[in-house]
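For reference, the structure is listed below as structure tokens.
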Amino acid sequence: MKARIVHRDDVLKIVDLLRRQGYEVVAPFFGRGRDTRFDNVTDENRDQIQIHLPNPYHPPKRFVMLQIERLLRIERNDGLIQIEPTYREPKRAIFGIRSCDIAGIWHLDRFFLGREFRDIYYEKRRKNLFLVNVVCSDPERDIGSECFCVCADTGPAARDHFDLQLMDLHDGEFMVVAGSPAGEAMFADPIFRKGADAHVAKRRAVLETARKSFKPSTTSWFSAAIRYVSAGKVAEKTWEEIGNRCLECGGCTYVCPACTCFTVSDRSVGPNEVERVRMWDACALGGFTRMAGGHNPRKAVHDRRNRRFFRKLSHYFIQRELSMACVGCGRCAAVCHGDVGMPSVVEMIRREAAEMETHEPAQR
Amino acid sequence: MNPPSAENVYMPKIAVLDRVVDEITEVKTFYWHFDDPAEQAAFKKFRPGQFAQVSLFGTGEFPASLPPSPTEAETFFTIRTVGSCTAALHTLKPGDKFGIRGPYGNGFSMEDYYGKNLVFVAGGIGLIPLRSCIIYALAHRDKYKKIQIYYGAKSPKDLMYLQNLREWEKGAGVEFNLTVDRADAGWKGHVGVVGSLFKKPGVQVPVENTVAFVCGPPVMFRFVIKDLQALGFQDSQIVSTLERYMKCGVGKCGHCCIGVAYVCVDGPVFTYEQIQKLGEDI
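Chains A and B are the protein sequences, given in the same order. Quick note on numbering: the working numbering labels position 202 of the first sequence as 211, and the sequence is numbered without any gaps. Quick note on numbering: the working numbering labels position 182 of the second sequence as 208, and the sequence is numbered without any gaps.
Put into structure tokens, the structure is as follows:
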């Protein structure tokens, strides 16, 4: 991978370059209060783009996997049925996407484009996507108290799957790494200067400081939780405890950059016209597995919680997609009212399973 | 620029309804063909046990078993009206158009069972997916050893595929046993749950070198598994097909996932041994 140096004052010129190339650029902004969000860049708001800010709760996943998306437009005329697929595939760049969310999009790539069936809607949009990753390097502004990318092995600096990666060297300069030919092509612009060995050393030092800035959390037990879940060693009562705390709001799935489930629905849009749309769905919700006629194989809340964490933590699925459906962004922990986000669940699983392991031999 | 529709896995193909036949209360058989003969030919390569996504435009899509065998000329679904989509299908008249995607799923590996005895155990509308295997096996009669069918319904008026039942009863290379839970005045046959047929005088269920196909309501399924195990069947000798709420049929929407398996792509056919290893109750 090639790298260049950009002066702090020139960083947003990358956004300008992309816009000039015809990209619709989305970037992070401050909202009201302490809220942050990704929004479309316009001439008016361009100067308000933030490089350092808490990662928005609403992940940029929605730009590749639309929250509501029309799949087909169906027209009926005199017994004739005409079905037209509708594709939304804008040339889009996400500026300021964090490393955890880069891993999230990589997971979606593995899921929607891997295996026997490819999702053409996702594929078309993904092909036109340009990703400018910003490394979380400011302990105060970038790294939240719920972040655990260091445990999920996705950050603070993504290793690949971006087009450009920016890292603030905190001395008035940014190091820019190209992760794709499209990214490298950007280096033709004079804002990108060649670096020196000192820049590489600086990058290493900044990254080292960033890594140490994560709060010491329980998530260092991630691997243990994967082992226990994969081996089916998590006791039913642990799932029940987790289920008891779940308020079934579905929030964790909606803010998750790696959740993929959707539902499909037809709606009427004219006298002879219907459209088939798909929208995000959540396994936390009671109706997720309810069949016509009312039979629901997964009735209890803890069955559904079990489902979500099994899907994300079991070795089987990690191997199936060759990527993990948890990227360590910490959003589920931040939004969960019952404190059963990933870090807490990992800790509960680890604690209970470890206890069982300790006691098992004595009981025999 | 739109790509050829073959690449879009969510794109239904237009089918025309030919005729509708009443089976039992709320259950009808819908004969159909694709508008495009090339589609029809491609679809006819399906395997017994696979399923299709049926589209009622404006209402939605639902997964449906394929009761015909690929060895038969006609294509059809047998559907009970349970929800909004199945109800919409039931209102269609011959000549009406609807959508179909598929076939999907793994299906039964009928070729792997060459040289084996086949025991089919069906309860109620569980006969729908098994009908495909039975017709297929009878069409390849010389490939299999004994073929036995055990079919149970609630009452005589809940018996489906009467024409097939009559053919099987005549016993051309097949041992056919029928039962109902509750007899009516005209019923002269066996009365009892389907598992009770295994103990009927004269019935001998082969266990060695046998595959048992089991399909029916959850309660029936549980008891038949116990009965088969008591006869000496290993869990790997018992195959079934699972049903789940599904939206896509291609392993993306996530609704049908049971433990480690996506029922739509990894199933719907599983051995009982596999079912127990899924990591979640069925």
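Beta carbons: idealized from backbone N, C-alpha and C, even for Gly.
Assumed close pair residue i, residue j - CB separation to whole angstroms, cut-off 8 angstroms
i: A/VAL34; j: A/PHE104; result: 5 angstroms
i: A/ILE83; j: A/GLU282; result: 7 angstroms
i: A/ARG317; j: A/ALA293; result: 7 angstroms
i: B/CYS279; j: B/ARG270; result: Not a contact, Cβ separation roughly 11 angstroms.
i: A/SER108; j: A/ALA166; result: 6 angstroms
i: A/ASP169; j: A/CYS338; result: That belief does not hold up - the Cβ atoms of A/ASP169 and A/CYS338 are roughly 18 angstroms apart, past 8 angstroms.
i: B/VAL295; j: B/GLY133; result: 6 angstroms
i: A/PRO94; j: A/LEU81; result: 6 angstroms
i: A/TYR32; j: A/VAL73; result: The Cβ separation is near 14 angstroms, so there is no contact.
i: A/ALA112; j: A/VAL344; result: So it is not a contact: roughly 19 angstroms between Cβ atoms.
i: B/TYR130; j: B/GLN79; result: 7 angstroms
i: B/PRO89; j: B/GLY275; result: 6 angstroms
i: A/LEU62; j: A/PRO37; result: 6 angstroms
i: A/ALA12; j: A/VAL159; result: Between A/VAL159 and A/ALA12 the Cβ distance is about 22 angstroms, and since that is not below 8 angstroms, they are no contact.
i: B/GLY84; j: A/ASP275; result: 5 angstroms
i: B/SER81; j: B/GLY125; result: 3 angstroms
i: A/ARG202; j: A/MET176; result: With a Cβ gap of about 15 angstroms, A/ARG202 and A/MET176 do not count as contacting.
i: B/ASP61; j: B/VAL42; result: 6 angstroms
i: B/VAL286; j: B/GLY277; result: Not confirmed; about 13 angstroms, so no contact.
Where the beta strand (DSSP E) through residue i begins and ends
i: B/THR24; result: For residue 24 of chain B there is no data in the structure shown, the boundaries of chain B being 27 and 308.
i: A/ASP275; result: 271-279
i: A/PRO190; result: First-last for A/PRO190: 190-195, but that is the alpha helix (DSSP H), not the beta strand (DSSP E).
i: A/PRO37; result: 33-39
i: A/PHE6; result: Given a span of 10 to 373 for chain A in the structure shown, any question on residue 6 of chain A remains unanswerable.
i: A/THR374; result: The first residue shown for chain A is 10 and the last is 373, placing residue 374 of chain A beyond what the model contains.
i: B/LYS123; result: 123-130
i: B/GLU299; result: That residue, B/GLU299, is in no beta strand (DSSP E); its alpha helix (DSSP H) goes 298-303.
i: A/ALA240; result: Here A/ALA240 belongs to no beta strand (DSSP E), and DSSP marks it neither H nor E.
i: A/ILE60; result: Here A/ILE60 belongs to no beta strand (DSSP E), and DSSP marks it neither H nor E.
i: B/SER266; result: 264-267
i: B/ALA198; result: Element bounds for B/ALA198: n/a, residue is neither H nor E.
i: A/VAL15; result: 12-16
i: B/CYS241; result: 236-241
i: B/GLU33; result: Note, B/GLU33: premise wrong, no beta strand (DSSP E); not H, not E.
i: A/ARG55; result: Per DSSP, A/ARG55 belongs to no beta strand (DSSP E) and is neither H nor E.
i: B/ILE308; result: No beta strand (DSSP E) contains B/ILE308, which DSSP labels as neither H nor E.
Heavy atom of the ligand MG within 6 angstroms of residue i beta-carbon
i: A/PHE196; result: For the ligand MG, the structure offers nothing, since it holds no ligand at all.
Residue i, enclosing alpha helix (DSSP H) - first and last residue
i: A/MET333; result: It is not in any alpha helix (DSSP H) - A/MET333 carries neither H nor E in the DSSP assignment.
i: B/LEU257; result: 244-257
i: B/GLU195; result: 188-195
i: B/TYR170; result: Careful: B/TYR170 lies outside any alpha helix (DSSP H) and carries neither H nor E.
i: B/GLY293; result: Looking at the DSSP string, B/GLY293 is not in any alpha helix (DSSP H), and its letter there is neither H nor E.
i: A/GLY113; result: 108-122
i: A/LEU26; result: 22-29
i: B/HIS116; result: 110-116
i: A/VAL340; result: Val is not the amino acid found at residue 340 of chain A; the sequence shown has Arg there. Taken as a continuous stretch (DSSP letters only), the alpha helix (DSSP H) holding A/ARG340 covers 340-344.
Relative to chain A, which residues along the region 39-62 of chain B have a C-beta separation below 8 angstroms, given in chain order?
The residues in question are ILE40.
Do the region 141-156 of chain B and the region 229-238 of chain B make contact, defined as three or more Cβ pairs closer than 8 angstroms?
Yes: at least three Cβ pairs fall under 8 angstroms.
Output, in sequence order along the chain, the residues in the region 268-281 of chain B whose CB is closer than 8 angstroms to any CB in chain A.
GLU269, ARG270, TYR271, LYS273, CYS274, VAL276, GLY277, LYS278, CYS279, GLY280 and HIS281
Mind pulling the alpha helix (DSSP H) runs of 4 or more residues that sit fully within the region 49-104 of chain B?
Listed in chain order, the complete alpha helix (DSSP H) runs (minimum 4 residues) inside the region 49-104 of chain B are 63-69.
Mind listing which residues of the region 263-277 of chain A have their C-beta closer than 7 angstroms to chain B's C-betas, in chain order?
THR269, CYS270, PHE271, THR272, VAL273, SER274, ASP275 and SER277
Curious, which full-length alpha helix (DSSP H) runs of at least 4 residues does the region 253-327 of chain A contain?
Whole alpha helix (DSSP H) segments, 4+ residues: 260-263 and 310-322.
So if I threshold CB-CB distances at 9 angstroms, which residues from the region 309-325 of chain A count as touching chain B?
So the list reads ASP312, ASN315, ARG316, PHE319, ARG320, SER323 and TYR325, given in the order they occur along the chain.
Compile a chain-ordered list of the residues in the region 120-131 of chain B whose CB is closer than 7 angstroms to at least one CB of chain A.
LYS123
Give, in chain order, every unbroken run of the beta strand (DSSP E) that is at least 3 residues long and sits entirely within the region 142-168 of chain B.
143-149
Within the chosen definition, does the region 295-304 of chain B reach the region 307-322 of chain A through at least 3 CB pairs nearer than 8 angstroms?
no
Using 8 angstroms as the threshold, is the region 119-135 of chain A in touch with the region 55-62 of chain A, meaning 3 or more CB pairs across them?
Contact check between the region 119-135 of chain A and the region 55-62 of chain A: fewer than three CB pairs, one atom from each, fall below 8 angstroms, which does not count as touching.
Touching by the beta-carbon criterion (3+ pairs, under 8 angstroms), the region 222-237 of chain A and the region 142-158 of chain A:
yes
Below 7 angstroms between beta carbons is the criterion; list the residues of the region 216-247 of chain B that meet it against any residue of chain A, in chain order.
none
Determine, using beta-carbon pairs with one atom in the region 126-146 of chain A and one in the region 299-314 of chain A, whether at least three such pairs fall under 8 angstroms.
Inter-segment contact for the region 126-146 of chain A and the region 299-314 of chain A is absent: fewer than three beta-carbon pairs are separated by less than 8 angstroms.
Interfacial residues, the region 112-125 of chain A to chain B, with Cβ spacing under 8 angstroms
PHE120, PHE121, ARG124 and GLU125
When Cβ atoms are compared, which residues of the region 288-303 of chain A fall closer than 9 angstroms to chain B?
Within the region 288-303 of chain A, the qualifying residues are ASP290, CYS292, GLY296, PHE297, THR298, ARG299, MET300, ALA301, GLY302 and GLY303.
Do three or more CB pairs link the region 56-72 of chain B to the region 172-189 of chain B at distances below 8 angstroms?
no
Any residues in the region 287-304 of chain B with a beta carbon nearer than 7 angstroms to a beta carbon of chain A? Which ones, in chain order?
VAL291
How do the region 104-118 of chain B and the region 173-181 of chain B stand: do at least 3 beta-carbon pairs fall below 8 angstroms, yes or no?
no
Touching by the beta-carbon criterion (3+ pairs, under 8 angstroms), the region 72-83 of chain B and the region 323-340 of chain A
The region 72-83 of chain B, when compared against the region 323-340 of chain A, does not touch it at the 8 angstroms Cβ threshold.
For the region 124-202 of chain A, which segments carrying the beta strand (DSSP E) assignment without a break, of at least 3 residues, lie completely within its bounds, in sequence order?
138-143, 173-177 and 182-187
Using 8 angstroms as the Cβ pair cut-off and three pairs as the minimum, do the region 243-250 of chain B and the region 93-109 of chain B touch?
no
In the region 66-86 of chain A, which residues sit with their C-beta less than 8 angstroms from some C-beta in chain B, listed in chain order?
LEU80, LEU81, ILE83 and ARG85
Along the region 68-93 of chain B, where does the CB come closer than 9 angstroms to a CB of chain A? Name the residues.
Residues passing the 9 angstroms Cβ filter: SER81, LEU82, PHE83, GLY84, THR85, GLY86, GLU87 and PHE88.
Residues of the region 91-117 of chain B in Cβ contact with chain A at a cutoff of 8 angstroms, in chain order, please.
VAL108, GLY109, SER110, CYS111 and THR112
Short-range partners of chain B found in the region 213-241 of chain A, where Cβ spacing is below 8 angstroms:
Against chain B - using a Cβ distance shorter than 8 angstroms - the residues of the region 213-241 of chain A are GLY241.
If contact is defined by three or more beta carbon pairs under 8 angstroms, each pair taking one atom from either stretch, is the region 204-217 of chain B in contact with the region 253-268 of chain B?
no
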